[in-house]
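Since the structure comes first, as structure tokens, the remarks are kept for the end.
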DNA sequence: TACATTTGTACCCATAAGGGTAAAAATATG
DNA sequence: CATATTTTTACCCTTATGGGTACAAATGTA
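Residue numbers (my numbering), protein chains in the order written: chain A, 6 to 73; chain B, 6 to 73.
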């Protein structure tokens, strides 16, 4: 599950010593979005997630579970 | 950019010899969603993307660009 | 303990995502 | 070539994302 994205973002944000409002501003997204994202809301928009991840030099990609 | 997700899905779908309507039905999403997804629309919902990827035994995850 | 800071929840509202469907365009097949 | 199949585009509509904001809850610190 991509709920991992939530914790990843929260962790990265704290690594950079940013508050949610600061992250929201820098990423160019709303504060509410950041909060919902870190709380694991699944029905968020892909582009917004990428906007936030871009701040960390990361991006969203497809991960294989087992299938070859 | 996660535009790669688009081509990934299209490729995987063809590997399984599925049409877009078939994929949509199996994934439990709308046909239009599948189409927009394969066309690289960025503002799609994360949960829907995962619904489709689940069919391939895949999931969305965070990819590191360079940052360690 | 009291206080400050950060995070979570709840509200209104505009915009658009996504479902359905139908028709046009593109692609595959004989 | 003609024909069948698949994909794309465009229209309707309902729902809810995401922005702003304010307040409550949680967390950290002295």
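Beta carbons: idealized from backbone N, C-alpha and C, even for Gly.
For residue j and residue i, believed in contact at Cβ under 8 Å, the rounded distance
i, j, result
"residue 13(A)", "residue 67(B)", "5 Å"
"residue 25(B)", "residue 40(B)", "6 Å"
"residue 65(A)", "residue 65(B)", "6 Å"
Beta carbon of residue i nearer than 8 Å to that of residue j
i, j, result
"residue 56(A)", "residue 33(A)", "yes"
"residue 42(B)", "residue 11(B)", "yes"
"residue 61(A)", "residue 15(A)", "no"
"residue 48(A)", "residue 69(B)", "no"
Heavy atom of the ligand GTP within 7 Å of residue i beta-carbon
i, result
"residue 44(B)", "As far as ligands go, the structure on display features none, and thus does not contain the ligand GTP."
Neighbour flag for residue i against chain B, beta carbons, 8 Å
i, result
"residue 9(A)", "yes"
"residue 63(A)", "yes"
"residue 15(A)", "no"
CB contact below 8 Å: residue i versus chain A
i, result
"residue 60(B)", "no"
"residue 67(B)", "yes"
"residue 70(B)", "yes"
"residue 57(B)", "no"
The segment 26-54 of chain B: which residues have C-beta closer than 7 Å to a C-beta of chain A, in chain order? Here the close residues are 47, 48, 49, 50, 51, 52, 54.
For a minimum of 4 consecutive residues, which ranges assigned as the alpha helix (DSSP H) are wholly contained in the segment 6-46 of chain B? For the alpha helix (DSSP H) assignment, the uninterrupted runs of no fewer than 4 residues enclosed by the segment 6-46 of chain B are, from N- to C-terminal side, 8-20, 25-32, 36-43.
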